[in-house]
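Visitor: Below is a structure I'd like to ask you about.
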Amino acid sequence: MELERESGTSFSQEGVSEISEECHSNSSNLYAIDTVKKLLFRRMLVGVNDGRFFMGNFHCMDKQGNIILQDAVEFRSVRRSSPSPMEQRGLGLILIPSSCRISCRVDSPVEEELSMLSLKDI
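Residue numbers (UniProt numbering): 1 to 122.
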């Protein structure tokens with residue numbers, strides 16, 4: 001919906017509410033983007049729903065929540081039994097779809113982790 005000027009510098013009531021909604025959503029989006037930027041190039045451990053784990057450097061995340069890791073290594077159990085040893089292999093650059101991801105852990109100091117707990121609210 002377009003904003004229309006009524007007279008001089010004032011806007012219609014609908015226009016003001018639209019602007020405030022856009023500013024609120026943009027500010028929360030900017031906060032989320034800034035928080036994710038702090039995670040760039042950190043070591044990240046991502047678990048997927050088939051039991052594998054991937055460790056690599058966090059490279060980026062898209063709007064859908066897919067994650068790209070650089071220099072990734074895959075860890076998986078050799079056998080389905082719980083005390084089995086883990087097998088690993090180097091993969092390089094990988095994309096992990098958000099639909100497959102069940103856990104995500106970033107290497108960081110405790111103080112920084114506590115400050116990022118608000119990321120879950122977004």
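Every residue, glycine too, gets a C-beta built ideally from N, C-alpha and C. Only a predicted model underlies this, so the values are computations on that prediction, with no experimental measurement involved.
1. Looking at valine 36 and serine 103, is the spacing between their C-beta atoms short of 8 Å?
2. Going along the chain, which residues of its own chain have a beta-carbon closer than 6 Å to the beta-carbon of methionine 55, five neighbours each way excluded?
3. For the beta strand (DSSP E) that valine 73 lies in, which residues bound it at each end?
4. Quick check: what's the CA-CA separation for lysine 63 versus serine 98?
5. Arginine 76 and glycine 51: beta carbons closer than 8 Å?
6. For the beta strand (DSSP E) containing serine 103, list its first residue and its last residue.
7. Using a 10 Å radius around the Cβ and a threshold of 16 neighbouring Cβ atoms, would you call isoleucine 67 buried or exposed?
8. Buried or exposed, going by whether 16 or more other CB atoms sit within 10 Å of the CB of isoleucine 96?
9. By alpha-carbon positions, which one of Lys38, Gly92, Ile33 and Gln88 ends up nearest to proline 109?
10. Thinking just about the alpha-carbon of each residue, which of Leu93, Asp34, Asn49 and Phe53 is nearest to the one in arginine 105?
Guide: Once the coordinates are examined:
1. Stepping through the sequence shown from its first residue, residue 103 is reached at position 103. Stepping through the sequence shown from its first residue, residue 36 is reached at position 36. A distance of 8 Å or more separates the beta carbons of serine 103 and valine 36.
2. The residue given as residue 55 occupies position 55 in the sequence shown. Correct list, in chain order: Leu45 and Val73.
3. The residue you call residue 73 lines up with position 73 of the sequence shown. Its beta strand (DSSP E) spans residues 67-77.
4. Translated into the one-based positions of the sequence shown, residue 63 becomes position 63. Translated into the one-based positions of the sequence shown, residue 98 becomes position 98. In this structure, the CA atom of lysine 63 is about 10 Å from the CA atom of serine 98.
5. Position 76 of the sequence shown, counting from 1, holds the residue named residue 76. Position 51 of the sequence shown, counting from 1, holds the residue named residue 51. Yes, the Cβ-Cβ distance between arginine 76 and glycine 51 is below 8 Å.
6. Residue 103 sits at position 103 when you count from the first residue of the sequence shown. Start and end: 101-106.
7. Your numbering for residue 67 matches position 67 in the sequence shown. Classification of isoleucine 67: buried, given that the 10 Å Cβ count is 16 or more.
8. Residue 96 sits at position 96 when you count from the first residue of the sequence shown. So isoleucine 96 ends up on the buried side.
9. As a position in the sequence shown, residue 109 is number 109, starting the count at 1. Residue Lys38 is the option with its Cα nearest to proline 109.
10. Along the sequence shown, read from residue 1 onward, the residue named residue 105 stands at position 105. When only C-alpha atoms are compared, the closest one is Phe53.
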